[in-house]
Structures are given as structure tokens and as C-alpha cells.
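Working notes, structure below.
In my numbering, the protein residues as written are -5 to 244.
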């Protein structure tokens, strides 16, 4: 909130000044000061409106985010669908190195560091990990391409450092196998996605695409809508001066 300057509203909100309206239902509308009313206590503002554009259409991004329908699976649900022990998802979902340095983990969640991969893993309301449909497909592809990892890990679950030969006793060339796995993880499209702080809000790719589509439709609607001029008397506490960023004291 800005400090009151001398000279009253005529000085703070001079005729011709551009203002941003903060009161509903005109929140976010730009207007121009055209006068002062009620003994200089109120500001008369002229705005250009598009009546055929419904108010909720001005906030389509927030509406789409709130209506998001992405399905998330608990660790137990995910493990059941993939037919693997839950502990295996927990270990492979993070970073997991074997002797020699190869990381066989997917690196989509980091509990101690407080990060997770956007759109793949998140903490649910019960503070337990949840996984998206994309994460399920990633685990399923991993299991299909490198099944020996999934059958071998239960033998090494208590090991401080995983020995490739103990992990992959049936693989003739463990170095080659782990090299191919490393290439798979490094080149997979998911590996280029960002990490976010656990608890951060974000939108799935489908939600972003829907917002972009609605933005294009909204631009066309606003460009072709019939404009009308409206004058209203507004309290200074409900106005913002964009140029200075100051809001009048109530």
C-alpha cells in the first residue's frame, strides 16, 4: 500500500492516469481516470469492456489447473500393477549405484534432498510417495528392457554396496548390460525434465496443452468481441497505479 501524498486524490490519481481495478467483478481491468466524485473521496474511472467474454473466461488457466484430472498411484498400487515388491520401486525411483559407479536408479524422487521430478512423482496428502501414469509407463519400459535388474535386486536389498555379479548372476557380460542400461536412462526423454521442490505446484503436460489451446481461443474471442465503454465510481483502495505500483491507502 502506498503512502498518501499531498494534494488529495486529484494529485494521487490525476485525470488521464491509467489504473488497474482491483474490485470484483472488474478485477484486473485497466481503466483511465476521468474525474473525481463525492467531494474528492472517490475516483471516476472509464474502462473498455467486452461484455460477451464471460468473467470466468478471463481466468481459464486457474480453472483448468483446479479441474486437473491426472491420476496418481500410491506405491502399493504401482507395485501391484507392475508385479514387483514396493521396496523395489522406492529404491529404483531414487538414485541407486552399483560397484563401478553405474546409477541404475530413475532419479525421479529424492526424499532427503527434498526434490521430485515434475509430472512423475510427488508426495501425497498422507506424505507418502505417489506416481503418475507417465512414471508407471517408465517403470514398465525399464522392467521390459532390463528384467534382470528387477529379479536381482531382492537378493541385494540389504547390501551397502551392490555387487554387479551378485545383482546379475545370470548375465554373462555385466559391464555391457549395465552400460546399455545407463544409455537407456540417459537418452530417455524423461531424463531432460526438471526437478521441483517437494510440495511445489505444477501442471502436467496435458494441462499445459489445454491452457495453451484456451489461450489461443481467448485471444481470438477478445479480438473479435464488441467493446463497450463503461464509467464507474471506485474507491481509491480498490485501484492500483501500474506505473508506480502504489495502492492508495483506504
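Glycine included, every Cβ here is placed at the ideal spot set by N, Cα and C.
Computed from a predicted structure; not experimentally measured.
Open item on the list: Quick check on this structure: which residue in 165, 188, 157, 150 has the alpha carbon closest to the alpha carbon of residue 109?
Closed with: 188
Open item on the list: Please classify residue 32 as buried or exposed, where buried requires at least 16 neighbouring CB atoms within 10 angstroms.
Closed with: exposed
TODO: Can you check DSSP and say which residues form a bridge with residue 156?
DONE: 92
Task: Length at least 4, wholly inside the region 98 to 180: the alpha helix (DSSP H) runs in chain order - done: 127 to 139, 141 to 150, 158 to 161
Task: Three-state secondary structure (DSSP) of residue 50 - done: A caution first: residue 50 carries a pLDDT of 47, below 50, which makes its placement in the model unreliable, though a value can still be read off. Reduced to three states, the DSSP call for residue 50 is helix.
- [ ] Please state whether DSSP places residue 44 in a helix, a strand or coil.
- [x] coil
Open item on the list: Taking the beta carbon of residue 239 as the centre, do at least 16 other beta carbons fall within 10 Å, making it buried, or is it exposed?
Closed with: The predicted position of residue 239 is uncertain, since its pLDDT is 44 and thus under 50; a value taken from the coordinates is nonetheless stated next. Per the 10 Å Cβ criterion, exposed.
Open item on the list: Taking a contact to mean a Cβ-Cβ separation below 8 Å, would you say residue 227 touches residue 36 in this structure?
Closed with: yes
Task: Backbone CA spacing between residue 194 and residue 147 [nearest angstrom] - done: 32 Å
Open item on the list: Taking 7 Å as the cut-off, is the beta-carbon of residue 34 closer than that to any non-hydrogen atom of the ligand GDP?
Closed with: With respect to small molecules bound, the structure shown includes none, and the ligand GDP cannot be examined in it.
Task: Boundaries of the alpha helix (DSSP H) in which residue 75 is found, first to last residue - done: 69 to 76
Open item on the list: To the nearest angstrom, how far is the alpha carbon of residue 233 from that of residue 19?
Closed with: 13 Å
Task: residue 203 in three-state terms, based on DSSP - done: helix
Task: Helix, strand or coil at residue 27 [DSSP, three-state] - done: strand
TODO: Please state whether DSSP places residue 194 in a helix, a strand or coil.
DONE: coil
Open item on the list: Whether or not the region 64 to 82 and the region 93 to 103 are in contact is what I'm after, with contact meaning three or more pairs of Cβ atoms, one per stretch, closer than 8 Å; do they touch?
Closed with: no
- [ ] Take residue 49 and list the residues in its own chain whose beta-carbon comes closer than 6 Å to its own, dropping the five residues that flank it on each side.
- [x] The predicted position of residue 49 is uncertain, since its pLDDT is 48 and thus under 50; a value taken from the coordinates is nonetheless stated next. Same-chain partners within the cutoff: 19.
TODO: Tell me whether residue 175 is buried or exposed, calling it buried when 16 or more other Cβ atoms sit within 10 Å of its Cβ.
DONE: buried
Task: residue 87 classed as buried or exposed, judged by whether at least 16 other C-beta atoms fall within 10 angstroms - done: buried
TODO: Can you grab the Cα-Cα spacing for the pair residue 84 / residue 154, in whole Å?
DONE: 16 Å
Open item on the list: On the criterion of 16 or more Cβ atoms from any shown chain inside 10 Å, does residue -3 qualify as buried, or is it exposed?
Closed with: With a pLDDT of 40 at residue -3, under the threshold of 50, the predicted position of this residue should be treated as unreliable, though the coordinate-derived value follows. Exposed.
- [ ] Could you tell me which of 69, 217, 180 sits nearest to residue 117, measuring between CA atoms?
- [x] 69
Task: Proximal residues to residue 130 (C-beta, below 8 Å), its chain only, five neighbours per side dropped - done: 67, 72, 75, 76
Task: Where the alpha helix (DSSP H) through residue 21 begins and ends - done: First-last for residue 21: undefined, no H or E at that position.
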